[in-house]
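Undergrad:
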Amino acid sequence: MEKYSLFKLFNHARTYNENWQRAWRSPVPKSDYDVVIVGGGGHGLATAYYLAKVHGITNVAVVEKGYLGGGNTARNTTIIRSNYLWDEAAQLYELSLKLWEGLSQELNFNVMFSQRGVLNLGHTLQDMRDIQRRVNANRLNGIDGVVLSTAEVQARVPLMNCSPNARYPILGASWQPRGGTARHDAVAWGYARGADALGVDLIQQTEVTGIRRHNGAVVGVETANGFIGARKVACVTAGNSGVMAAMAGLRLPIESRPLQALVSEPLKPCLDTVVMSNAVHGYISQSDKGDLVVGAGVDSYNGYGQRGSFNVIEHTLQAICELFPSFSRVRMNRHWGGIVDTCPDACPIISKTPVEGLFFNCGWGTGGFKATPGSGYVFADTVANDRPHPLAEAFNIDRFYSGALIDEHGAAGVAH
Ligand code: FAD
Ligand code: PYC
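Going by numbering that gives the first Met the number 0, the residue at position 71 of the sequence shown is 70; the numbering climbs one at a time, nothing skipped.
#1: Go ahead and label Val53 buried or exposed: buried means 16 or more other beta carbons lie within 10 angstroms of its beta carbon, across all protein chains shown.
#2: Short check: CB of Val37 to CB of Val62, under 8 Å?
#3: Mind reading off the beta-carbon distance from Ile142 to Ala89? Whole number of angstroms is fine, and I expect it under 8 Å.
#4: Tell me whether His183 sits in a helix, a strand or coil according to DSSP, three-state version.
#5: Pick helix, strand or coil for Leu118, following the three-state DSSP scheme.
#6: Suppose only complete runs of 4+ residues qualify. What are the alpha helix (DSSP H) ranges in the stretch 71-142, listed by chain order?
#7: Which residues does DSSP pair with Leu158 in a beta bridge?
#8: The beta strand (DSSP E) that contains Tyr300, what's its start and end?
#9: Which value, in whole angstroms, describes the spacing of the CA atoms of Met0 and Thr14?
#10: Quick check on this structure: which residue in Met275, Gly409, Ala45, Thr72 has the alpha carbon closest to the alpha carbon of Leu201?
#11: Leu5: buried (16+ other C-beta within 10 angstroms of its C-beta) or exposed?
#12: Measuring only from the beta carbon, is Asn239 closer than 7 Å to any heavy atom that is part of the ligand FAD?
#13: Under a Cβ-count criterion, where at least 16 other Cβ atoms within 10 Å of its own Cβ denotes burial, should His11 be classed as buried or exposed?
#14: Is Ile405 helix, strand or coil when you go by DSSP?
#15: Please decide whether Gln285 counts as near chain C, where near means a Cβ-Cβ distance under 8 Å.
#16: Cβ of Ser284 within 8 Å of Cβ of Val292?
#17: When burial is assigned at 16 or more other CB atoms within 10 Å of the CB, is Tyr92 buried or exposed?
#18: Going by C-alpha to C-alpha distance, which of Met331, Val232, Ala237, Tyr282 sits closest to Val262?
#19: Near Arg138, what residues of its chain come up, given a Cβ to Cβ distance below 7 Å and the 5 sequence neighbours on each side ignored?
#20: To the nearest angstrom, how far is it from the Cα of Lys351 to the Cα of Ser276?
#21: By the 10 Å Cβ neighbour count, where 16 or more other Cβ atoms means buried, how is Pro387 classified, buried or exposed?
#22: For Ile319, which of helix, strand or coil comes out of DSSP?
#23: Looking at the secondary structure, which residues open and close the beta strand (DSSP E) in which Gly42 lies?
#24: From Val273, Leu158, Gly307, Ser162, pick the residue whose C-alpha is nearest to that of Ile338; which is it?
#25: Applying the criterion that 16 or more other CB atoms from any shown protein chain within 10 Å of the CB defines a buried residue, is Asn384 buried or exposed?
#26: Going by CA-CA distance only, name the one from Gly364, Ser95, Asn71 that's closest to Asn82.
#27: Is it right to say Tyr400 is buried, meaning 16 or more other beta carbons lie within 10 angstroms of its own, or is it exposed?
#28: At a cut-off of 7 Å, is Glu63 close to the ligand FAD when judged by its beta-carbon and the heavy atoms of the ligand?
#29: How many angstroms separate the CA atom of Lys288 from the CA atom of Cys269?
#30: Quick check on DSSP: helix, strand or coil for Gly363?
#31: With respect to the beta strand (DSSP E) encompassing Phe226, which residues constitute its N-terminal and C-terminal limits?
#32: Any chance you could list the alpha helix (DSSP H) runs of at least 4 consecutive residues sitting entirely within the stretch 235-263, in chain order?
#33: DSSP state of Trp174, grouped into three classes?
#34: I'd like the list of long-range same chain contacts for Arg24, defined as Cβ closer than 8 Å, with 5 residues on each side in sequence excluded.
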């Protein structure tokens, strides 16, 4: 028996991947689609999937300038939680969290969703008051949350420095047990495979360079490989959303900035939850491979270079060493940046635009990975029905005219 298994293993290694099936097709674009989605990140792919699955709209193309899931979807620290302060945001992120809970089954693809819990630390009396208020608000929205004392935090994370003599002593934390992490690539691949199976065309290496309009309505997109006609165009281009909007003569209240992350060399399991601190300003979790996954805030300048400035890396690692002095001896393996699209109120835009047939889903900034399933779900509904999904209504672009902003800076977890 052992010999047979070894033979099989050897044979697998020898034949490598020649018998693997393709996860999705590489179709030649049709001349016309009902919907063209610009941007093949998690949100664009999820939108395509739900358009096909829930609304039966399958004449859809996702047009991606690079490779699927190669933008912020590939670059983020994968923290998932729904503990936002205001009802509108909390309900949207909670829809997403509920979808995460069934996503591997829905897609028949393991997205490695791991509900290891998320701690948001409090270091001052005011932090603790804000935490209490947010946990109360969460519970009124049916979202799990508890306030932990210093001793309870220490019990959960033995390696963390919870001494009262620390420069920023930990006075307690909010704890969302259903929060956690997921495997970023798998989410993109799972939605891509699901959308492709339902008939959606996934078109990679094709940059959209213009949005063609006729009599005030969208008729398609110009791409580096020619024109593609569309009755509706849905832009889900994260850090490039301002550029996309300009192609249709629109200006969005979006700033694009680099956000960086780092991973360390792999360690034995030593951290089985997610820790975030707004005050020392850093967040950390340990991946299933064993690396510490670390990040902090956005760079202080706008830009499109997918790398960041050194002072932010230094600040990030100072924060992590402040919380976990023993990690000061861990070596960092890699770092990178992604361009995040931030709105003045730290909330997304999920909206029709004044151009008929043109929709935008953007402004997720530093926190959209957790929203991937919910964002795709409500945006697909909005695009299919030409009106906002009830959970997307508050995220209409009109709020920047009416002033009905949803200020989630406190819950964003990352300063920007
Ligand atoms: P993307 O994955 O960026 O997809 C947009 C796609 O549009 C890209 O693939 C891009 O190539 C494509 N595109 C752009 N312009 C064009 C064009 N003209 N033509 C064709 N295609 C185009 N969120 C969390 O919830 N938790 C976290 O822990 C977290 N950590 C983060 C850490 C970092 C370092 C970064 C950068 C972000 C983090 N985020 C986090 C935010 C999160 O990554 C994003 O909000 C989310 O992934 C956005 O998904 P998306 O599909 O909208 O964007
Ligand atoms: O939104 O929770 C978040 C987050 C963590 C790291 C980056 N964004």
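Here a beta-carbon is modelled for each residue, glycine too, at the ideal position from N, C-alpha and C.
TA: Taking the structure as given:
#1: Here residue 53 refers to the residue found at position 54 when the sequence shown is read from its first residue. So Val53 ends up on the exposed side.
#2: Residue mapping note: residue 37 aligns to position 38 of the sequence shown, counting from 1. Residue mapping note: residue 62 aligns to position 63 of the sequence shown, counting from 1. Their beta carbons are under 8 Å apart, which means Val37 touches Val62 by this criterion.
#3: Your numbering for residue 142 matches position 143 in the sequence shown. Your numbering for residue 89 matches position 90 in the sequence shown. Indeed they touch by this definition, with Cβ atoms about 6 Å apart.
#4: Residue 183 sits at position 184 when you count from the first residue of the sequence shown. The answer is helix: DSSP assigns His183 an H, G or I state.
#5: Along the sequence shown, read from residue 1 onward, the residue named residue 118 stands at position 119. It is a strand residue.
#6: 71-74, 86-106, 124-139
#7: In the sequence shown, counting from the first residue as 1, residue 158 sits at position 159. Per DSSP, none; premise fails for Leu158.
#8: Along the sequence shown, read from residue 1 onward, the residue named residue 300 stands at position 301. Neither: Tyr300 is in no beta strand (DSSP E) and is coded neither H nor E.
#9: As a first step, residue 0 is located in the sequence shown; it is residue number 1 there, counting from the start. As a first step, residue 14 is located in the sequence shown; it is residue number 15 there, counting from the start. Here the model assigns Met0 a pLDDT of 49, short of 50, so the residue's position is not dependable, and the following value carries that caveat. Going from the Cα of Met0 to the Cα of Thr14 covers about 21 Å.
#10: Within the sequence shown, residue 201 is the residue found at index 202, counting from 1. For the residues Met275, Gly409, Ala45, Thr72, the minimum Cα distance to Leu201 belongs to Ala45.
#11: Looking up residue 5 in the sequence shown gives position 6. Flag for Leu5 reads exposed.
#12: For the purposes of this step, residue 239 is taken as residue 240 along the sequence shown, with counting starting at 1. The answer is yes for Asn239.
#13: Here residue 11 corresponds to residue number 12 of the sequence shown, with the count starting at 1. His11 is exposed by the Cβ-count criterion.
#14: To locate residue 405, count along the sequence shown from 1; it is residue 406. In this structure, Ile405 counts as coil in the three-state DSSP scheme.
#15: Any reference to chain C falls outside this structure, which holds one protein chain only.
#16: Indexing the sequence shown from 1 puts residue 284 at position 285. Indexing the sequence shown from 1 puts residue 292 at position 293. Contact: yes.
#17: Mapped onto the sequence shown, residue 92 falls at position 93. Burial call: buried.
#18: Indexing the sequence shown from 1 puts residue 262 at position 263. Cα-wise, what sits closest to Val262 is Met331.
#19: Taking the sequence shown and counting its residues from 1, one reaches residue 138 at position 139. If we look at Arg138 and ignore the five residues flanking it on each side, its Cβ neighbours are Gly144.
#20: Sequence index remark: in the sequence shown, residue 351 carries index 352 (1-based). Sequence index remark: in the sequence shown, residue 276 carries index 277 (1-based). Distance between the alpha carbons of Lys351 and Ser276 is about 35 Å.
#21: On the sequence shown, residue 387 is found 388 positions in, with the first residue counted as 1. Label assigned to Pro387: buried.
#22: Counting from 1 along the sequence shown, the entry for residue 319 is found at position 320. In the structure shown, Ile319 sits in a helix (DSSP, three-state: H, G or I).
#23: Locating residue 42 in the sequence shown gives position 43, where the first residue counts as 1. Note that residue 42 is His in the sequence shown, not Gly. Run containing His42: none in the beta strand (DSSP E); it sits in the alpha helix (DSSP H), 41-54.
#24: Walking along the sequence shown from the start, residue 338 turns up at place 339. Checking every option, the nearest Cα to that of Ile338 belongs to Gly307.
#25: Numbered from its first residue, the sequence shown carries residue 384 at position 385. Counting Cβ neighbours within 10 Å, Asn384 comes out exposed, since fewer than 16 surround it.
#26: By one-based count along the sequence shown, residue 82 stands at place 83. Here the closest residue by C-alpha is Ser95.
#27: The sequence position of residue 400 within the sequence shown is 401, counting from 1. Burial call: exposed.
#28: For this step, residue 63 is matched to residue 64 along the sequence shown. Checking the Cβ of Glu63 against the ligand FAD gives yes.
#29: Position 289 of the sequence shown holds residue 288. Position 270 of the sequence shown holds residue 269. Each residue's Cα considered, the two are about 12 Å apart.
#30: Within the sequence shown, the letter at position 364 stands for residue 363. The sequence shown places Trp at residue 363, rather than the Gly named in the question. Looking at Trp363 - three-state DSSP - the assignment turns out to be strand.
#31: Walking along the sequence shown from the start, residue 226 turns up at place 227. Segment 225-234, the beta strand (DSSP E) holding Phe226.
#32: 240-246
#33: The residue labelled residue 174 in the question sits at position 175 within the sequence shown. In this structure, Trp174 counts as strand in the three-state DSSP scheme.
#34: On the sequence shown, residue 24 is found 25 positions in, with the first residue counted as 1. So the qualifying residues of the chain are Asp195, Asp200, Leu201.
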